[in-house]
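Offset between the first sequence (1-based) and this note's numbering: plus 3. C-beta atoms are modelled at their ideal positions from N, C-alpha and C, and glycine is treated no differently. All figures in this text were calculated on a predicted structure; none of them were measured in a lab. Take a look at the structure below.
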Amino acid sequence: MAVTIVRLLAMLRHEYGDPHWWPGDTPFEVAVGAILTQRASWRNAEISIQNLKSSGRLSPGALVACPVAELEELVRSSGFFRQKARYLKAFSEFVVSAFDEDMERMKTRPTEELRDELLELPGIGRETADSILLYALGRASFVVDAYTYRLMGRLGYGQLGDYETVQAMFRRSLRSRVKDMSDLHALIVIHCKDKCRRIPDCPGCVLDRVCPSKRK
DNA sequence: TTCCAGGCGC
DNA sequence: GCGCCAGGAA
């Protein structure tokens, strides 16, 4: 019997404490971070965020008005900067046209509806859409990533199924508690970068006693 | 499943 | 040079 998701959360919290994940002054800043950190370290995405801030471009209106070449330079540190500049443009245009430049207005709409619309945008797939919903808007939309599959696989969950299936499993287990869902995704990332790497570093792992894949 | 896209640190 | 990095699209 594999460790429960609730117990997994408790064990990771005990080990790593509050992950204080995704700092950001506004929902828009969080959403921009979600796009910039795709296949890029948060460290490098953060540099781009600072560039956008200090140049006064970190708002939907300012990004729509920003020339593409300039935007590309501002987000260069995040890698894939040509695509990401386009993605930021498209997302900003969406916020401007559908929500009058104010992401707070997204909060008046149902989660599933928002998710479908986000998925229509170029460069926003399920992970990014759920990151925006969870961390920018506080919706109960768990973020499933490669680390999630790796960790749960090693913990004995077997074949996990497709993205939405895994997401539903976490949402049920955590009873849609947004704080728990936010923390657990963050803690999974932290733990997998630290210990449950591609080649695992099992000695000293906090999950040792509940992990059937441990190597001694 | 496979291809794609780049900066950064070592 | 080489591997890593909070994925998306075909």
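Of the candidates Arg89, Gly207, Thr111, Arg89 places its Cα closest to the Cα of Cys69.
For Leu61, the secondary structure class from DSSP, reduced to helix, strand or coil, is coil. Contact between the segment 47–62 and the segment 113–128 is absent: fewer than three C-beta pairs spanning the two stretches fall below 8 Å.
The C-alpha of Val67 is placed about 44 Å away from the C-alpha of Tyr160. Inter-residue distance for Pro215 and Arg174 is about 24 Å (C-alpha atoms, whole angstroms). In the structure shown, Trp45 falls within a helical segment according to DSSP collapsed to helix, strand and coil. A straight line joining the alpha-carbon of Thr29 with that of Ala139 spans about 8 Å. By the criterion of at least three beta-carbon pairs nearer than 8 Å, the segment 100–115 is in contact with the segment 128–143. Boundaries for Val146: no alpha helix (DSSP H) harbours it, and the DSSP string shows neither H nor E there. Distance from the CA atom of Asp21 to the CA atom of Asp183, rounded to whole angstroms, is 11 Å. In the displayed model, Ile202 falls within coil according to three-state DSSP, outside both helix and strand. With fewer than 16 other CB atoms across the displayed protein chains lying within 10 angstroms of its CB, Thr7 is exposed.
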